[in-house]
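Asks: In the UniProt record's numbering, the protein residues as written are 1 to 714.
Just so you know, even glycine gets a beta-carbon here, dropped at the ideal spot from N, CA and C.
It should be emphasised that the depicted structure is a prediction, and the values quoted were computed from it without experimental measurement.
The following block contains the structure, expressed as structure tokens.
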């Protein structure tokens, strides 16, 4: 059914506004209600820092280097924290005491916003916004202890919103043929059903760059080459989706196409850069250099503007700016500091003019440009033209984000798996979008300026991705699926294949029967835990009951934010946590499996908080939420389901896509710990899964009394 583009765009604007409001409200509540140390433990902040130095980064921005405050923590490694490259943060003087509320607006007034550009073991760099710096006071620091706190990423929202506003204002005459196809106003050009022959595509017969490609991967590439407007490459877990995209890019280049490659996250784009770089194609990676993997830095704009011939012309200005930055640290006079900032402002203007010319020359000479989806909306690509836009992880991206590069596209290839988790949408479970807008705004940022947004139509949600919508609109004729998987033991793969992928997945011979006891390093033992690919520890009977944070902490009685906000829905299960600890002990201490080959995942962050001591006991082990582990893999994965109650309430487990992610992370060993009686009541899918585990897994029924006694002895 055809979709009205202005109505679609207006709906997206309303949904985006609600989502940003929810994100802002969450950040504000967390910062104001929790101590700096609690925020650090939850991954929202990094505390007890001092300013080490300042330098000039890409775009003439001031990069502040931060490290441990030696008076508090010494000069060693930073403590464990959740700040990552690319995070938008507030750098401010750290409040004293844990009881005092910190309103974000007040912190903003005294601190500076910036983006984390590098995270090292002992320090991190933050590129600060120059409007903060322009007040003449510079960044917090000196002898004062500082901290960084995550904020909502305004730039991403502004670019998505601006793209939707452009689409809302378009007249029918402005719609490209490509746009008309993607909104059902025109039918996609047909693709031949028989893809088995390498007949001429574009400028000649297909000559494969990688002869190891399997037949489903080759079919996907043929399909994408022959599609005129849109092709969906469906890549279930472990099927070599990125591997396939690399071959596709090389085939498109052989046909003299210019390509823009995008993904929703820096890591999704960097993975492609890493694999494409050895082929020596002219490529350039847009994005802040310290958000990128070290291995791709040589292809980043920042490095290329320094090392290319064109980059030499900006070097002298940069050196002068660095000298000015250094002099700021040496002066105590406010008047002198303001004069230096005024000089820096002029130098920055000159620097940017030279740098933009340099950047333009570099990009125009590149056949492949790679960027995050919202990064493709920067000034660098404003007048650039591409023959094909490739979007990796399209099923994890907001549709509005995809339209940032697609608005001027002629053809697109979207790769992903709509049967795994979509992007996380905070406004679905937030009261922020329901509360009156007349309430006091305490957020760290404001909703982008938009025309008056209409009410959100019933059923409209940001969870519906472009991948989902196109499949619903045009059906399987625009999709090609990869079917050979190279990750999982055949038994681990069987249930998701049968229930979600029409039984089409096939385990490659190299992985179909591999076990932990065959790991290629010394010390591996052949015990029950290492010779079984699938283990189900069934806690049915009610002895291993769940708890919520409220059971221990108490709510505020008014539906307000309590300590549990740090841990999502805050369900935990101490009995299951004991079983996890014991299973990890068996794997590592008795089975000889290295801790770095083991991961524990759960839908509930409160359960992960309960298991946090495992990281100290077994350095290298990973603990993560199911959502956060999407796209990852480990030799052994332990899934703790947590839910155990007489009412059969399963919460997050009801989402089959979340369970699909959980059960498809392991290579050789999957251990599921949960209450089959409770879980079976959640849905038909969960009932089938429990029955599959009971019939096919190494089934174990733990005894709480003996487990507790053993834990007491240790």
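Are there 16 or more other CB atoms within 10 angstroms of the CB of residue 353, so buried, or fewer, so exposed?
Replies: Residue 353 sits at position 353 when you count from the first residue of the chain shown. Flag for residue 353 reads exposed.
Asks: Given this structure, state the Cα-to-Cα distance separating residue 317 from residue 146, to the nearest angstrom.
Replies: By one-based count along the chain shown, residue 317 stands at place 317. By one-based count along the chain shown, residue 146 stands at place 146. Computed Cα separation, rounded: 30 Å.
Asks: Within this structure, are the beta carbons of residue 148 and residue 248 separated by less than 7 Å?
Replies: As a position in the chain shown, residue 148 is number 148, starting the count at 1. As a position in the chain shown, residue 248 is number 248, starting the count at 1. The Cβ atoms of residue 148 and residue 248 lie no closer than 7 Å to each other.
Asks: Check the DSSP bridge columns for residue 280 and list the partner residues they point to.
Replies: Mapped onto the chain shown, residue 280 falls at position 280. In DSSP, residue 280 forms no bridge with anything.
Asks: Tell me, please, which residues DSSP counts as bridged to residue 262.
Replies: Residue mapping note: residue 262 aligns to position 262 of the chain shown, counting from 1. DSSP lists 371 and 391 as partners of residue 262.
Asks: What is the residue span of the beta strand (DSSP E) that residue 698 lies within?
Replies: Stepping through the chain shown from its first residue, residue 698 is reached at position 698. It spans 698 to 700 - the beta strand (DSSP E) in which residue 698 sits, taken as one unbroken run.
Asks: Please go through the same chain and pick out, in chain order, the residues whose beta-carbon is closer than 6 Å to the beta-carbon of residue 460, but skip the five residues on each side of it.
Replies: One-based indexing of the chain shown puts residue 460 at position 460. The residues 11, in chain order, have a CB closer than 6 Å to that of residue 460 in the same chain once the five nearest residues on each side in sequence are set aside.
Asks: Check whether the Cβ atoms of residue 371 and residue 178 lie closer than 7 Å to each other.
Replies: Sequence index remark: in the chain shown, residue 371 carries index 371 (1-based). Sequence index remark: in the chain shown, residue 178 carries index 178 (1-based). Taking 7 Å as the Cβ cut-off, residue 371 and residue 178 do not qualify as a contacting pair.
Asks: From 188, 120 and 117, pick the residue whose C-alpha is nearest to that of residue 475; which is it?
Replies: Residue numbering aside, residue 475 sits at position 475 when the chain shown is read from its first letter. Ranking the options by Cα distance to residue 475, first place goes to 188.
Asks: Assess contact between the segment 467 to 484 and the segment 521 to 536, defined as three or more Cβ pairs (one per stretch) separated by less than 8 Å. Is contact present?
Replies: no
Asks: If we count the other Cβ atoms within 10 Å of its Cβ and call it buried at 16 or more, is residue 150 buried or exposed?
Replies: Stepping through the chain shown from its first residue, residue 150 is reached at position 150. When all chains shown are included, residue 150 counts as buried.
Asks: Under DSSP, the beta strand (DSSP E) around residue 146 begins and ends at which residues?
Replies: The residue given as residue 146 occupies position 146 in the chain shown. Note, residue 146: beta strand (DSSP E), 146 to 150.
Asks: From the DSSP secondary-structure annotation, give me the bridge partner or partners of residue 481.
Replies: Working through the chain shown from its first residue, we reach residue 481 at position 481. As computed with DSSP, residue 481 is found in a beta bridge with 234.
Asks: Which class does residue 68 belong to by DSSP, given the choice of helix, strand or coil?
Replies: Working through the chain shown from its first residue, we reach residue 68 at position 68. Reduced to three states, the DSSP call for residue 68 is strand.
Asks: Exposed or buried, which one is residue 509 when buried takes at least 16 other CB atoms within 10 Å?
Replies: Along the chain shown, read from residue 1 onward, the residue named residue 509 stands at position 509. Residue 509 is classed as exposed because its beta carbon has fewer than 16 other beta carbons within 10 Å across all chains shown.
Asks: Are three or more beta carbon pairs between the segment 84 to 92 and the segment 354 to 361 nearer than 8 Å?
Replies: no
Asks: Count the CB pairs spanning the segment 601 to 612 and the segment 697 to 708 that are closer than 8 Å, and state whether there are at least three.
Replies: no
Asks: Using only alpha-carbon positions, find the residue among 112, 661, 645 and 657 that is nearest to residue 637.
Replies: For the purposes of this step, residue 637 is taken as residue 637 along the chain shown, with counting starting at 1. Measuring from the Cα of residue 637, the nearest candidate turns out to be 661.
Asks: Between which two residues does the alpha helix (DSSP H) holding residue 405 run?
Replies: By one-based count along the chain shown, residue 405 stands at place 405. First-last of the alpha helix (DSSP H) with residue 405: 399 to 406.
Asks: Using 10 angstroms around the beta-carbon of residue 144, count the other beta-carbons present and answer buried if the total reaches 16, otherwise exposed.
Replies: Mapped onto the chain shown, residue 144 falls at position 144. By the 10 Å Cβ count, residue 144 comes out exposed.
Asks: Starting from residue 54, trace the beta strand (DSSP E) in both directions and tell me its first and last residue.
Replies: The sequence position of residue 54 within the chain shown is 54, counting from 1. Segment 45 to 56, the beta strand (DSSP E) holding residue 54.
Asks: Roughly how far, in whole angstroms, is the beta-carbon of residue 588 from the beta-carbon of residue 595, given that I think they are within contact range, below 8 Å?
Replies: Here the question's residue 588 lines up with position 588 in the chain shown. Here the question's residue 595 lines up with position 595 in the chain shown. Confirmed, Cβ separation roughly 5 Å.
Asks: Taking the CB atoms as reference points, tell me whether residue 546 and residue 645 lie closer together than 7 Å.
Replies: Here residue 546 refers to the residue found at position 546 of the chain shown. Here residue 645 refers to the residue found at position 645 of the chain shown. In this structure, residue 645 lies closer than 7 Å to residue 546 by Cβ.
Asks: Provide the residue span of the alpha helix (DSSP H) that contains residue 580, from first to last.
Replies: Mapped onto the chain shown, residue 580 falls at position 580. Residues 574 to 585.
Asks: Over the uninterrupted alpha helix (DSSP H) stretch that includes residue 256, give me the two end residues.
Replies: Here residue 256 refers to the residue found at position 256 when the chain shown is read from its first residue. Run containing residue 256: none; DSSP gives neither H nor E here.
Asks: Could you say which of 462, 406, 29 and 163 lies nearest to residue 396 if we only look at CA atoms?
Replies: Here residue 396 is taken as the residue at index 396 of the chain shown, counted from 1. The shortest Cα separation from residue 396 among 462, 406, 29 and 163 belongs to 462.
Asks: Taking all protein chains shown into account, do 16 or more other C-beta atoms lie within 10 angstroms of the C-beta of residue 678, making it buried, or fewer, making it exposed?
Replies: For the purposes of this step, residue 678 is taken as residue 678 along the chain shown, with counting starting at 1. Label assigned to residue 678: buried.
Asks: Rounding to the nearest angstrom, what Cα-Cα distance links residue 446 and residue 157 in this structure?
Replies: On the chain shown, residue 446 is found 446 positions in, with the first residue counted as 1. On the chain shown, residue 157 is found 157 positions in, with the first residue counted as 1. Because residue 446 sits at a pLDDT of 39, beneath the cut-off of 50, its placement in the model cannot be relied upon, and the following sentence gives the value as read from the coordinates. Going from the Cα of residue 446 to the Cα of residue 157 covers about 10 Å.
Asks: Which residues does DSSP pair with residue 691 in a beta bridge?
Replies: Residue numbering aside, residue 691 sits at position 691 when the chain shown is read from its first letter. Residue 691 is not bridged to any residue.
Asks: Which of the three DSSP states, helix, strand or coil, is assigned to residue 4?
Replies: Taking the first residue of the chain shown as 1, we reach residue 4 at position 4. Reduced to three states, the DSSP call for residue 4 is coil.
Asks: Whether or not the segment 323 to 338 and the segment 226 to 234 are in contact is what I'm after, with contact meaning three or more pairs of Cβ atoms, one per stretch, closer than 8 Å; do they touch?
Replies: no
Asks: Would you kindly work out how many angstroms separate the C-alpha atoms of residue 327 and residue 71, rounded to a whole number?
Replies: For the purposes of this step, residue 327 is taken as the residue at position 327 of the chain shown. For the purposes of this step, residue 71 is taken as the residue at position 71 of the chain shown. Near 25 Å, if we compare the C-alpha coordinates of residue 71 and residue 327.
Asks: Please go through the same chain and pick out, in chain order, the residues whose beta-carbon is closer than 6 Å to the beta-carbon of residue 536, but skip the five residues on each side of it.
Replies: What you label residue 536 is simply residue 536 of the chain shown in a count that begins at 1. Correct list, in chain order: 672, 693, 697 and 699.
Asks: Does the count of Cβ pairs from the segment 163 to 171 and the segment 12 to 23 closer than 8 Å reach three?
Replies: At 8 Å Cβ cutoff, the stretches touch.
Asks: State yes or no: is the C-beta of residue 639 within less than 7 Å of the C-beta of residue 580?
Replies: On the chain shown, position 639 is the one that residue 639 refers to. On the chain shown, position 580 is the one that residue 580 refers to. No; because the gap between Cβ atoms is not below 7 Å, this pair is not in contact.
Asks: Who pairs with residue 669 in a beta bridge, going by DSSP?
Replies: Position 669 of the chain shown, counted from the first residue, corresponds to residue 669. DSSP lists 636 as partners of residue 669.
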